[in-house]
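Numbering (UniProt numbering), first residue to last: 1 to 501.
Glycine is no exception: its CB is placed at the ideal position from the N, C-alpha and C atoms.
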Amino acid sequence: MAAEKSGAFFAYHEPDIINILTLISFFLFLATAHWLAEKIICASLIGNIIVGLIYGVPIANILAIDWQATFLVLGYIGLILIIFEGGLTVRLDLLRQNLILSAAVALFGVLTPIALSFGLLYAGFHYGLTFAPALLEAFIVGTSLCSTSLGTTFVVLSSASKNKPKSTSSSPNADANPTAPAVAAGVDFSQTRIGTVLVGAAVLDDVCGLVLVSLIRNLRGVAGDADGGGTSLGWTVGRPVLASGLMAVLTPVVAWLVAGPLYRRFVTPSRLQRAAAAGVAHAFNILLMAAVLCAFLTIAAYAGASVLFGAFLAGAFHYLGTPQKYVFQPLFFASIGFAIPFVDLWTGESIWKGVVYALLMAFAKIVVGVMVPVWEFISPRLRQRSSGKRPVSGTATWAPATLLGAAMVARGEIGLVIIQIGLNETPFLSQEAFIIGVWAIVLNTIIGPVLVGVLLNRAGASIAENPCWGVQENHGSDTEVAVEAEPTSTSQETSSRRTSA
């Protein structure tokens, strides 16, 4: 007691057995639910969200509030590490080649939910008529459904890559592209063209989401309320875009002029020094990875860009390991469960309205897949690439197109953040509209991964072998520079080559 009163240090004491058993059961159920959801519905993250619902405030409130707050922070670290690893594994050469397509997909995926929200919420359900300006309520709810969950996208692709697709022997594309790279039993879908387009669109979606978050936070100020500070609308929208653009442009320059020389100097010793310097090189490797990640997160946060965008760019530098797989990643999805107002969802007509709106919002993202056949039709480069080969039949395009749309359905943490900001920081969003928006976010976060899991289980091999949208050969990409030091994992090998380049 004296130590606690003095404040000089925290008095160590044996934790209560109830607290110990509660935490053990929480992590045990997280692991069990993760495994069951992966086996049953091919979407492991759904199990983690359900456990978070049960143990958190929404249902049983078994975990103490302080613990839930701590797990929320740890879970966000898990999200950062997920994005960081996703930035590492993405094919930067394919990302550069398909940047325009990714931007078009992202723009289509942002505008369609907002437009359909105006149609259903404002014109159909007549929300927003009692507020000034009248359309802002429908805009806020639609905005919360326009961004794709970046963390969920990477987790879904990673989980799909670990599962064995069905046999490729009967794939309709096997004969269409005899020179295509061989597809392994477990396909890394982040190495496919459609997977790269998906990642690029999801990252750009996150940037758009940050812009919209800033815009909604300043709606009071834009409207002239004294509490809003009279923030300029142009600066509100322009700052995240400008910061993200500058970071994207400067990152390759810094990697070439600073990170590359440092890496070659300290982490890749000559063969004669390999044995003696292996320990030192590994230690410096870890320090460099942590420093790069922290630097990008700090720059992104203070510059006004998305922290997750900074984590993605840091992933283009190096790899941090996989502690998130068993601890941080489950905590992130459990923390989403903490934030779902589960009891409030089951009130009156909010149920059927929420389900209808959720289905409309799922359609708003799935329809984005139409960009695949459209791009295949209009792109001169793609037509030239296909010349000299048997033309791909129309049925070969539906699977990549459906994968692109289905993978963008999940809203997750981004949607919850936006709609709660609209409720708590603006006077324009009613409780009923908030509940309907949460219904759509929750159902889409469940529907999206399930659709992707089922699709890849049935047509994963066909997608991977598609000559236009599947696994592509690596011609002079960022991952071809040889490195003498042997990394400890496949991901570290990829990152080592990328940094030394």
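DSSP links V471 through a beta bridge to T192.
In this structure, the straight-line span from the alpha carbon of G245 to that of A33 is close to 39 angstroms. Inclusion of S350 and I436 in the CB contact set at 7 angstroms is warranted, their separation being smaller than that value. Excluding five sequence positions before and after F333, the CB atoms of its chain that fall closer than 6 angstroms to its own CB belong to L45, N48 and I49, given in chain order.
Short of 6 angstroms from the beta carbon of L116, and not among the five residues preceding or following it, lie these beta carbons of its own chain, in chain order: L360 and A364. Membership of S350 in the alpha helix (DSSP H) is indicated by the continuous run S350 to I366. Under the DSSP assignment, P113 falls in the alpha helix (DSSP H) whose first and last residues are L99 to S117.
Two segments are said to touch when three or more pairs of C-beta atoms, one from each, lie closer than 8 angstroms; by this definition the stretch 60 to 80 does not touch the stretch 105 to 123. Put simply, of V368, L443 and S190 the residue whose alpha carbon is nearest the alpha carbon of Q472 is S190.
Of all C-beta pairs linking the stretch 437 to 456 to the stretch 337 to 345, three or more are shorter than 8 angstroms, placing the two stretches in contact. Listed in chain order, the non-local C-beta contacts of I41 below 7 angstroms within the same chain comprise V450 and G453, local neighbours out to five positions each way being set aside. Of L455, T298, Q97 and A37, the smallest CA-CA separation from T196 is found for Q97.
Secondary structure at V51: helix, using DSSP grouped into helix, strand and coil. In the three-state reduction of the DSSP assignment, N466 falls in the coil class.
Two segments are said to touch when three or more pairs of C-beta atoms, one from each, lie closer than 8 angstroms; by this definition the stretch 143 to 153 touches the stretch 406 to 421.
For W346, no alpha helix (DSSP H) encloses it, and the DSSP letter there is neither H nor E. By the criterion of a C-beta distance shorter than 8 angstroms, L95 is surrounded in its chain by S102, T196, V199 and G200, once the five residues flanking it on both sides are discounted.
The DSSP-derived three-state label of V409 is coil.
Annotation: the continuous alpha helix (DSSP H) that includes S25 extends over I17 to I41. Rounded to the nearest whole angstrom, the CA to CA distance from L81 to A311 is 7 angstroms. Distance check between F118 and each of A138, L345, V51 and F434 places A138 closest, using alpha-carbon atoms only. Judged by their CB atoms, A314 and L287 are not nearer to each other than the 7 angstroms cut-off. Using a Cβ distance threshold of 7 angstroms, A410 and G369 do not count as a contacting pair. Nearest in C-alpha terms to N457, of all of L403, N444 and G422, is L403. Taking each of L135, I18 and F29 in turn and checking the Cα distance to S430, the smallest one comes out for L135.
Closest by C-alpha distance to I54, out of G238, S335 and I140, is S335. T153 has its alpha-carbon roughly 15 angstroms from the corresponding atom of G209. Cα atoms of M408 and I20: separation of roughly 38 angstroms, rounded to the nearest angstrom. Distance check between N466 and each of V442, L204, A406 and T397 places T397 closest, using alpha-carbon atoms only.
With fewer than 16 other Cβ atoms from the protein chains shown falling within 10 Å of its own Cβ, P261 counts as exposed. Looking only at D188, D206 and L443, the smallest Cα-Cα distance to A300 is reached by D206. Contact annotation, I114 with T426: C-beta distance approximately 16 angstroms; criterion of less than 8 angstroms not satisfied.
Rounded to the nearest angstrom, the Cβ distance from F71 to L331 is 5 angstroms, consistent with a contact under 8 angstroms.
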